[in-house]
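Down below is the structure, laid out as structure tokens.
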Amino acid sequence: MLRSREGKEVTNIPDNGVLLRAVSLSFMATWRANDSEVQRAAHALHTPFPRRCRGRRSARARGIAAQRTGAQRVAQRASLRETVLTSPYPDTLSHTVTLTRDAAKPERLCLELTARDGAEAVGGVEAVRAVAHPAAVPPGAARRRRQPRRGLPGLPRASPRQGRRRRRHRRRPQPVQGICDVLAETARRDHGLDADPLTDFVICCGQSEAFAAAIFATIDQGDEVLLFDPAYETYETCIELARGVPVYVRLDPPSWTLNEDKFLKSFTSRTKAVVLNSPHNPTGKVFSKEELLIIAQACQKMDCFAITDEVYEYITYDENKHISLASLPGMQERTIITSSLSKTYSVTGWRIGWACAPASIASAIRNIHIKLTDSAPAPFQEAALTALTSTPDFYSSLKKDYEVRRDFILQLLKDFGFHISFKPQGSVFVFAELPLSWQLSDIDFVTNLINDAGVAAVPGHGFFHDNCDRESYHNQYVRFAFCKSDDTLMAAALRMRKLADSKVKTWLTGSGSARQEDQTASASL
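Okay, so the sequence shown: first residue is 42 according to our numbering, each after it adds one.
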């Protein structure tokens, strides 16, 4: 039963599931209280709380406890009518737990939980938990009771030590709020954003899920979403799943600059959002402040959202610096920032990402996230909390290491014969241009490179889209990633250098017509 402080029944339960979990049969497992205080209250009331809250007792303490008679325990319980425990959880919430002995039924204890968020009472929860009367249960009986076997038949059972270790791991609270606090402080320090860690952040299973949830929360059927071409292929799929319409704005090669006239002409009355990825995948472009101002002014004028992908924000080179679109005047209230842990900390399979948005939009994203995946992996959240508190030295060394690898792969591709017209300003990719003299399509080149050298790359064709102006550069680019170890890059360099001397001429003579035919077809459209 849920009650307010005035005793009225609460029907509109606030979005604070951790309070409800805290009063389950093992509510102390997820409640961060002072262990010694809980231990004293538990021993006084003779309540079998989990081992983590009880703590380990010495042999002497166990001997003293064993000598207590049932009458002594009854007298001890009768002398204590009520115990109040108060503990902060999380930082801005305060819990008050009241344990009382039911006068009518001495074998029952009443647990009452009250929480306060600032000056507003969130709600109260009362639960009744039955415990065995101490005089009726011989010492150690509960410990000797045989537990039912769980699990599938035929599988080995875990040892008691392993079981205790797993139970302790399950009882750890998920540090979602700790991550949000760090993210809010980072956004304030790096971009000057004023984001509330309690309402403006949603922890998701990677940036991809955060982006999908943001699209589902804002896009209705028939809404148009502007994207910059070339674009990461996941964006289009998410928009189409929401029954939106992707509209592409071509970035002009070779420097992939934003053409203001083309961009502004792409807006219609159905335009709902603009998707911005900076630093950019696949080109490595970092959008300048002038380009960001054009985007910001258009979003405000047309009253649409901006959804940003900022997973490479700490990976910029030379004098280039990432600027968050939300940091520009008037943009924080209409910008949804998505990012993740994977690229900055080189843990691409750990699936921890987040969305930062105004509270009303973040609430919708959170509800969609719960329906999609329920929650992000708890162990990875603990790792994320540690990683996000890294010192500034980590980010500076990260840039230097990637900058060295970028220069190494650029020189390798130049020696191989690629035309490098744009030096990446950020991200971990080189979008290299195939020489026109090769007359070889990007798909043919990548296929031959994998088969003959065992080196993988991504054809640029997949990053361009049909509803964009079709030009020859559709089959002209190949994306290489240099976010690899030095040994991997050196091995790839050796294989490609051997290949350049022996097989490239065979490729050119064996499959040279595909790209030429495609160029002819493109020119005729």
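Ideal placement from N, C-alpha and C gives every residue a C-beta, glycine not left out.
Applying the criterion that 16 or more other CB atoms from any shown protein chain within 10 Å of the CB defines a buried residue, is PHE304 buried or exposed? For this step, residue 304 is matched to residue 263 along the sequence shown. PHE304 is buried by the Cβ-count criterion.
- Which residues share a DSSP beta bridge with ASN578? Residue 578 lies beyond the range of the chain shown here (42 to 566); nothing can be said about it.
Checklist line | Secondary structure of ALA522, DSSP reduced to three states | finding: Within the sequence shown, the letter at position 481 stands for residue 522. ALA522: strand per DSSP, three-state reduction.
query: Do you know whose CA, among TYR518, PHE470, ALA283, lies nearest PRO500's CA?
result: Counting from one through the sequence shown, the residue named residue 500 turns up at place 459. The candidate whose alpha carbon is nearest that of PRO500 is TYR518.
Taking one C-beta from the region 289-301 and one from the region 345-353 each time, how about it: are there three or more such pairs within less than 8 Å? no
Under a three-way DSSP split, which group does SER463 fall into? Along the sequence shown, one-based indexing puts residue 463 at 422. This sequence places Phe at residue 463; Ser is not what is there. It is coil, neither helix nor strand.
> Buried or exposed: LEU366, going by 16 or more other Cβ atoms within 10 Å of its Cβ?
Replying inline: One-based indexing of the sequence shown puts residue 366 at position 325. Buried, since its Cβ has 16 or more Cβ neighbours within 10 Å.
Close-in-space but distant-in-sequence residues of the same chain around ALA522 (CB under 7 Å, 5 per side omitted)
Stepping through the sequence shown from its first residue, residue 522 is reached at position 481. So the list reads VAL469, PHE470, once near-sequence residues are dropped.
To the nearest whole angstrom, what separates the beta carbons of LEU453 and ALA534, a pair I think is in contact under 8 Å? On the sequence shown, position 412 is the one that residue 453 refers to. On the sequence shown, position 493 is the one that residue 534 refers to. ALA534 and LEU453 do touch by the CB rule: their CB atoms are close to 5 Å apart, below 8 Å.
- Task: Look up TRP479 in the DSSP assignment and say whether it is helix, strand or coil.
- Result: Position 438 of the sequence shown, counted from the start, is the residue given in the question as residue 479. TRP479 falls in the helix class under three-state DSSP.
Determine the closest residue to LEU413 out of ASP222, CYS221, CYS245, GLN218, with distance taken between C-alpha atoms.
If you number the sequence shown from 1, residue 413 lands on position 372. Closest option to LEU413, Cα to Cα, is CYS245.
| message | Is it buried or exposed, GLN262, if we count other Cβ atoms within 10 angstroms and call 16 or more buried? | response | By one-based count along the sequence shown, residue 262 stands at place 221. Label assigned to GLN262: exposed.
- Taking the alpha-carbon positions, what's the ILE484 to ASN516 distance? Sequence index remark: in the sequence shown, residue 484 carries index 443 (1-based). Sequence index remark: in the sequence shown, residue 516 carries index 475 (1-based). Their backbone Cα atoms lie some 8 Å apart in a straight line.
Using 10 angstroms around the beta-carbon of LYS441, count the other beta-carbons present and answer buried if the total reaches 16, otherwise exposed. Here the question's residue 441 lines up with position 400 in the sequence shown. Looking at its Cβ environment, which holds fewer than 16 other Cβ atoms inside 10 Å, LYS441 is exposed.
**Prompt:** Can you check whether the CB of TYR355 is closer than 8 Å to the CB of TYR436?
**Reply:** Here residue 436 corresponds to residue number 395 of the sequence shown, with the count starting at 1. Here residue 355 corresponds to residue number 314 of the sequence shown, with the count starting at 1. Yes, these two residues count as a Cβ contact at 8 Å.
Exercise. Kindly indicate which residue of VAL487, CYS340, PHE504, PHE505 has the alpha-carbon position closest to the one of ALA498.
Key: As a position in the sequence shown, residue 498 is number 457, starting the count at 1. Checked all of VAL487, CYS340, PHE504, PHE505; the closest Cα to ALA498 is VAL487.
Own chain partners of ARG392 with C-beta closer than 6 Å, once the 5 adjacent residues on each side are dropped
Within the sequence shown, residue 392 is the residue found at index 351, counting from 1. Cβ within range, chain order: CYS246, GLY247.
Next on the checklist: Tell me the rounded alpha-carbon separation between LEU14 and ASN318.
Outcome noted: Any property of residue 14 remains undetermined from this structure, which presents the chain solely from 42 to 566.
List the DSSP bridge partners of PRO500.
Here residue 500 is taken as the residue at index 459 of the sequence shown, counted from 1. For PRO500, which the question treats as bridged, DSSP gives the partners VAL519.
With three or more C-beta pairs closer than 8 Å as the rule, is the region 383-390 touching the region 218-238? no
From the DSSP secondary-structure annotation, give me the bridge partner or partners of GLY394. Position 353 of the sequence shown, counted from the first residue, corresponds to residue 394. Bridge partners of GLY394: CYS245, SER381.
Cβ separation of ILE364 and LYS326, assumed to be a contact under 8 Å, to the nearest whole Å: The sequence position of residue 364 within the sequence shown is 323, counting from 1. The sequence position of residue 326 within the sequence shown is 285, counting from 1. The pair is not a contact, with the Cβ atoms about 13 Å apart (cut-off 8 Å).
| query | Is DSSP giving LEU490 helix, strand or coil here? | reply | Indexing the sequence shown from 1 puts residue 490 at position 449. LEU490 falls in the helix class under three-state DSSP.
*asked:* Any heavy atom of the ligand SAH closer than 7 Å to the beta-carbon of PHE523?
replied: Looking for the ligand SAH in the displayed structure turns up nothing, as the structure carries no ligands at all.
> Residue range of the beta strand (DSSP E) that ARG291 falls in?
Replying inline: Looking up residue 291 in the sequence shown gives position 250. Run containing ARG291: 286-291, per the beta strand (DSSP E) assignment.
### Query
If we ignore side chains and look at the alpha-carbon of each, how far apart do ALA405 and PHE242 end up?
In the sequence shown, counting from the first residue as 1, residue 405 sits at position 364. In the sequence shown, counting from the first residue as 1, residue 242 sits at position 201. In a straight line, the C-alpha of ALA405 is about 11 Å away from that of PHE242.
**Prompt:** By DSSP, does LEU429 sit in helix, in strand, or in coil?
**Reply:** To locate residue 429, count along the sequence shown from 1; it is residue 388. The DSSP-derived three-state label of LEU429 is coil.
Query raised in the report: For VAL290 versus SER310, is the C-beta distance shorter than 8 Å?
Result: Counting from 1 along the sequence shown, the entry for residue 290 is found at position 249. Counting from 1 along the sequence shown, the entry for residue 310 is found at position 269. No, the pair does not count as a contact, with Cβ atoms beyond the cut-off.
### Query
Around the Cβ of LEU224, are there at least 16 other Cβ atoms within 10 angstroms (buried) or fewer (exposed)?
Sequence index remark: in the sequence shown, residue 224 carries index 183 (1-based). Buried, because 16 or more other Cβ atoms sit within 10 Å of the Cβ of LEU224.
Assigned exposure category for LYS313 - 16 Cβ within 10 Å defines buried = As a position in the sequence shown, residue 313 is number 272, starting the count at 1. With 16 or more Cβ atoms within 10 Å of its Cβ, LYS313 is classed as buried.
Q) Do LEU576 and VAL316 have their CB atoms nearer than 8 Å? A) This structure gives no information on residue 576, because the portion of the chain shown stretches from 42 to 566.
Self-check item: Selection from ASP350, GLN341, ALA339 that minimises the alpha carbon distance to HIS321
Solution: Here residue 321 refers to the residue found at position 280 of the sequence shown. Cα-wise, what sits closest to HIS321 is ASP350.
### Query
With C-beta atoms as the reference, is ALA255 less than 8 Å away from CYS397?
Counted from its first residue, the sequence shown places residue 255 at position 214. Counted from its first residue, the sequence shown places residue 397 at position 356. Against a cut-off of 8 Å, the Cβ pair of CYS397 and ALA255 comes out as no contact.
Residue interval of the alpha helix (DSSP H) (run including ALA403): Counting from one through the sequence shown, the residue named residue 403 turns up at place 362. First-last of the alpha helix (DSSP H) with ALA403: 400-414.
Among ARG538, ALA251, SER416, PHE421, nearest to LEU490 - alpha-carbon criterion: As a first step, residue 490 must be located in the sequence shown, where it is residue number 449. Per the Cα distances, ARG538.
Item to complete: For TYR273, I'd like the list of residues in its chain whose CB is within less than 8 Å of its CB, leaving aside the five on either flank, ordered along the chain.
Response: Residue mapping note: residue 273 aligns to position 232 of the sequence shown, counting from 1. Closer than 8 Å at the Cβ level, and outside the excluded window around TYR273, lie ASN318, ASN322, PRO323, ASP350, PHE504.
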